[in-house]
Amino acid sequence: MHNYLIAVIQGIVEGLTEFLPISSTGHLILSGELLHFTGEKAETFEIVIQLGAILAVAFLYWQRVLGLLGWKKGLESENHEVTASRLNLIHIIVAIFPAMLMGLLLHKVIKTYLFSPYTVLIGLVIGGIFMIYAEKRNKRVTAATVDEITYKQAFLIGLSQILALWPGFSRSGATIAGGLLVGTNHKAAAEFSFIIAIPMMIAASGYDLLKSYQYLSVNDIGFFAVGFIVSFIVAWLAVVSFLKLLQKVKLTPFAYYRFILAALFWLFILRG
């Protein structure tokens, strides 16, 4: 029963934080420390529940995904009108290439030296500062929807995604802030961040899973399944809610949350 409670808690943490600009990796490392759930099995479990969160976004943006794959030619609006999508695979490729390349080159270094509570705290703080900076610099909007994002903007957003290779920085935080810096509005930046997350995270999670599949066992099927399902449901709800919230409160409150979380964890956990 204790294991299933951990699965539910970590599934909620993953689903709630994966697509919010507050760092899911950072939260999972910190919550894992609090729950005393660490080690190879914990890392494999995190990969599995991350796939649950990815699947939720793929379902939410299924029209976009099928369109990018050439299986659907248009998007159906709320009025049931079909409109052409200008977002294509080239946007996705140029956006994910920089981080994928750096991730492959630095994978061992990142996993060996950067996955600790201390490095997460650094990522939370610096990532928060970057988000506030992007918010203040977001003056001239040239892309109000994902279909107005240019190839150059997509590439520059992809460059900002490299920052998220540091645990605690937040992939969505880096890409949304990067979008604001290159002229997108908040909604376009967030939706583009969610869409490029699908191939990016599938590739990263698949690579990690291949390297750690030996830690999976038949006895853990129920435990992993619970975490996967909880993560899927919570991520679905979080993405829908976040898009509405982001347009009202912007990025700055999330940055302040990161600072508070880092301070509390430092005071009560690491110093204790």
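Counting with my numbering, you get residues 20 to 291 for the letters of the sequence shown. Virtual Cβ for every residue (Gly too), placed ideally from N, Cα, C. Note that this is a predicted model, so its numbers are computed, not measured.
query, result
"Near Thr161, what residues of its chain come up, given a Cβ to Cβ distance below 6 Å and the 5 sequence neighbours on each side ignored?", "Gly202"
"Can you give the Cα-Cα distance for Phe242 and Ala26, rounded to whole angstroms?", "6 Å"
"Mapping the DSSP letters down to three states, classify Ala163 as helix, strand or coil.", "coil"
"Around the Cβ of Tyr23, are there at least 16 other Cβ atoms within 10 angstroms (buried) or fewer (exposed)?", "exposed"
"Anyone know if the C-beta pair for Leu262 and Ala209 falls short of 8 Å?", "yes"
"What are the boundary residues of the alpha helix (DSSP H) that includes Tyr137?", "Pro136 to Arg156"
"For Ile203, which of helix, strand or coil comes out of DSSP?", "Correcting the residue identity first, residue 203 is Thr in this sequence and not Ile. Thr203: strand per DSSP, three-state reduction."
"Use the C-beta contact count for Gln172: other C-beta atoms within 10 angstroms, 16 or more gives buried, fewer gives exposed.", "buried"
"Once you ignore the five residues that flank Leu108 on each side, which residues in its own chain have a CB closer than 7 Å to its CB?", "Leu87"
"Going by the beta-carbon positions, is the gap between Phe287 and Val76 smaller than 8 Å?", "no"
"Alpha helix (DSSP H) containing Leu70: first to last residue?", "Glu59 to Leu79"
"Quick check on Tyr80: buried or exposed, where buried means 16 or more other Cβ atoms within 10 Å of its Cβ?", "buried"
"Just to confirm the assignment, what range does the alpha helix (DSSP H) spanning Phe116 have?", "Leu108 to Val128"
"Distance check for Val165 and Ala222, CA to CA, integer angstroms please.", "22 Å"
"Alpha carbons only, please: which of Ile73, Lys60 and Ser42 is nearest the one belonging to Ile248?", "Ile73"
"Are there three or more Cβ pairs, one per stretch, closer than 8 Å when the segment 184-194 is compared with the segment 224-237?", "no"
"Secondary structure at Glu37, three-state DSSP: helix, strand or coil?", "coil"
"Does DSSP classify Thr169 as helix, strand or coil?", "coil"
"To the nearest angstrom, how far is the alpha carbon of Gly146 from that of Phe211?", "19 Å"
"Sort Leu175, Lys269 and Val259 by Cα distance to Ala118 and report the nearest one.", "Leu175"
"Below 8 Å on the Cβ atoms is my contact criterion, and I expect Gly34 with Ser250 to pass it. Report the Cβ-Cβ distance as a whole number of Å.", "4 Å"
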